[in-house]
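First up is the structure itself, then whatever we jot down about it.
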Amino acid sequence: MTTATAPVTGVSTLRSSGVFIRRSLLHSLRDGEGLLMAIALPVMLMLMFTVVFGGAIQGDGRYIDYVVPGIILTCAGFGASSTAVSVSRDMTAGAMLRFRTMPFVASTSIVGHVIASVVRNLVATAVVIGVAFAIGFRPSADLAGWIGALGIVTLWILAVTSVFAVIGLIAGGPEAANGYGFIILFLPYVSSAFVPIETMPDWIVPIAEYQPVTPIIETLRSALVGGEGQPLVSVIWCLGIIAVALALAAWRFPRTPVR
162 MTTATAPVTG VSTLRSSGVF IRRSLLHSLR DGEGLLMAIA LPVMLMLMFT VVFGGAIQGD
222 GRYIDYVVPG IILTCAGFGA SSTAVSVSRD MTAGAMLRFR TMPFVASTSI VGHVIASVVR
282 NLVATAVVIG VAFAIGFRPS ADLAGWIGAL GIVTLWILAV TSVFAVIGLI AGGPEAANGY
342 GFIILFLPYV SSAFVPIETM PDWIVPIAEY QPVTPIIETL RSALVGGEGQ PLVSVIWCLG
402 IIAVALALAA WRFPRTPVR
């Protein structure tokens, strides 16, 4: 086990980032099973809530239009979770040792994982939305609404992926990294993603109201099907999460033992 050493200079940070983004994207293309699971799990969840449970909880409105924004955010979490495993694998399987002896800025390998995850998750999200249309999702959004939805989804994917990257740096190995991210994947279930907050038990309402996923889902739902959103609160949450994750990554990376 060794601790971090100063990176070899010679290649700019921007160029190093490009190299590692390409590396991570190529790995994503080769990992067809990972991409398939990132798509299949949210699709199965959507089918379960709309087809199996939809008749029981639909109420007066169209439940599929209510639930799809929550599924989209959940899709981002499922897809981003693999970032923690990939980062941890680099730190524990000898890859980072090689990076630090090459003329690259080794820390930009984390950037590669994050950007590749954003691209991968946007593709998965597009597929999930396509399936939603096929089973009856009918948003009322105009062009501005779709642009706003794309913006908030991209920002959330970037935020949650950054958190998973930090988890990968902290975890002792890929298996631990995979387990630590559970709490993030659980957040949409304690929000307005699948049922209105006012239908929840009183003790859980404050948790659902004041966690980051709820305003983001409400903003996405507002952009796609109308209603009240919280765009400013959503952006502040996402930017705050990204800022904290960047600070933690900058602090942790040089202190993370590599093997």
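Heads up, the sequence shown stops at 420 in the working numbering, and the numbers go up one at a time, no gaps.
Ideal Cβ placement from N, Cα and C applies to all residues, glycine included.
Run the CB neighbour count on residue i, radius 10 Å, all protein chains shown included, and call it buried at 16 or more, exposed below.
| i | result |
| --- | --- |
| G390 | buried |
| I232 | buried |
| E379 | buried |
| Y224 | buried |
| S243 | buried |
| I200 | buried |
| A305 | exposed |
| R299 | exposed |
| L348 | buried |
| A167 | Its pLDDT being 45, under 50, A167 is placed unreliably in this model, and the value from its coordinates should be taken loosely. Flag for A167 reads exposed. |
| A408 | exposed |
| S182 | It should be noted that the sequence gives Ile, not Ser, for residue 182. So I182 ends up on the buried side. |
| A326 | buried |
| F355 | buried |
| W412 | exposed |
| I290 | buried |
| D251 | buried |
| A338 | buried |
| V374 | buried |
| P362 | exposed |
| A410 | buried |
| T235 | buried |
| S301 | exposed |
Compare the C-alpha of residue i against each of the options and name the closest.
| i | options | result |
| --- | --- | --- |
| G401 | A320, P335, I368, I344 | A320 |
| I397 | V351, W317, P367 | W317 |
| A310 | P230, M205, P203, V405 | P230 |
| V405 | I345, S323, G329 | S323 |
| L381 | Q372, P373, P392 | P392 |
| V314 | G240, I182, M207 | G240 |
| G334 | S247, E370, M361, D303 | S247 |
| V204 | Q372, E359, T286 | T286 |
| G342 | S352, I328, V279 | I328 |
| R184 | P362, S278, N339, S383 | S278 |
| L202 | V351, G238, I377, C399 | G238 |
| R281 | S395, L187, T360 | L187 |
Every unbroken beta strand (DSSP E) inside the region 321–382 [3 residues or more] | none
Could you tell me whether the region 361–371 touches the region 268–275, where touching means 3 or more Cβ pairs closer than 8 Å?
-> no
At what residue ranges does the region 268–301 contain a whole run of the alpha helix (DSSP H), taking only runs of 4 or more?
-> 269–295
Ignoring anything shorter than 4 residues or poking outside the region 386–413, list the alpha helix (DSSP H) runs there in chain order.
-> 392–413
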